[in-house]
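Here's the structure we're looking at; comments come further down.
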Amino acid sequence: VAAGDVARALRLVQSTSPSALLLGSLDAARAAVAGEEGARRLEAVVRLGERANAELGAIPGVEVLSEVPRGMAALDPTRVTVFVAGLGVDGFELDERLIEEFGVYAELPTASHITFILTMGNTAADVDLLVSAFRQLSAELFSPSSAPAEEAPGSSATDAGAPSRPPQVMTPRAAFFSAVEAVAGAAAVGRVSAAAVCPYPPGIPVLMPGEEVTEACVEEIRAVLAAGGEVTGCEADGSLLVVKQ
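One point on numbering: in the working numbering, the residue at position 147 of the sequence shown is 149, and numbering is uninterrupted.
Below is the structure:
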């Protein structure tokens, strides 16, 4: 069996970021939060999240997600989302600096924001480090006169999610088992996708097998790659797998 065929099949049934270690830890994590002790530990994590949001939000050039966006039911208090437009850099660049200069790792960087996750493994010292890193970066980068205009959350290409669903031309099964060929993105417009194509961020497929490749899909893929993101389901040279005509 060709390795490419195996990879294409796996993309239909697995996460865009599979990890055997994470999957194996799920039951241990469930056990850790069970009972009264687990509840107390979770409450401590929530308090850390509240503190991180409050202190980060007070830093010049830094804005945190503090209100429930339209269409959402609630905010997860263990997630800390920081909008970085006020610092004059994108989230990918800031993510690299946080790692290289401070040893701070985000869960998800995008063009306009960075999201951090707090767990029962985090301590007050971790929040201290996170806040200190942003204070130092703000002191270097923030300038009221040169900061770009803030974008509304979700307005950038990598934050807006996938474009509207493209037309379904064939059933996923028929497309997946058809003879396929790889073509460049622009040349793929109007063809039928033979694979699941998923830009990350946001981790939402723009194409599934059987759907027509549209200009909007190709532009979404290009925008994510240009911003420093990744796309699964493409060939190594960025071409798309489509059904042979």
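From the three backbone atoms N, C-alpha and C, an ideal C-beta is built for every residue, glycine too.
Q.
Please report the straight-line C-alpha distance between residue 67 and residue 48, rounded to a whole angstrom.
A. Translated into positions along the sequence shown, residue 67 becomes position 65. Translated into positions along the sequence shown, residue 48 becomes position 46. Their backbone Cα atoms lie some 15 Å apart in a straight line.
**Q.** residue 91 to residue 115 span [Cα, whole Å]
**A.** Working through the sequence shown from its first residue, we reach residue 91 at position 89. Working through the sequence shown from its first residue, we reach residue 115 at position 113. Taking the straight line joining both Cα atoms gives about 10 Å.
Q. Is it a yes or a no for the region 116 to 135 touching the region 76 to 86, going by three-plus beta-carbon pairs under 8 Å?
A. yes
Q) Run through DSSP, which three-state label would residue 236 get? A) Counting from one through the sequence shown, the residue named residue 236 turns up at place 234. In this structure, residue 236 counts as coil in the three-state DSSP scheme.
**Q.** Rounded separation between residue 202 and residue 183 - CA only
**A.** As a working note, residue 202 is residue 200 in the sequence shown. As a working note, residue 183 is residue 181 in the sequence shown. Straight-line Cα distance between these residues: approximately 24 Å.
Q: Return yes when the Cβ of residue 180 is within less than 9 Å of the Cβ of residue 246, no when it is not.
A: Against the sequence shown, residue 246 aligns to sequence position 244. Against the sequence shown, residue 180 aligns to sequence position 178. The answer is yes: Cβ separation under 9 Å.
**Q.** Rounded straight-line distance, which links the Cα of residue 194 to that of residue 177
**A.** Looking up residue 177 in the sequence shown gives position 175. Looking up residue 194 in the sequence shown gives position 192. Going from the Cα of residue 177 to the Cα of residue 194 covers about 8 Å.
Q.
Suppose you measure from the CA of residue 65 to the CA of residue 94; what does that come to, to the nearest Å?
A. Position 63 of the sequence shown holds residue 65. Position 92 of the sequence shown holds residue 94. About 16 Å.
Q) Name the DSSP beta bridge partners of residue 184, please? A) Numbered from its first residue, the sequence shown carries residue 184 at position 182. Paired residue(s): 243.
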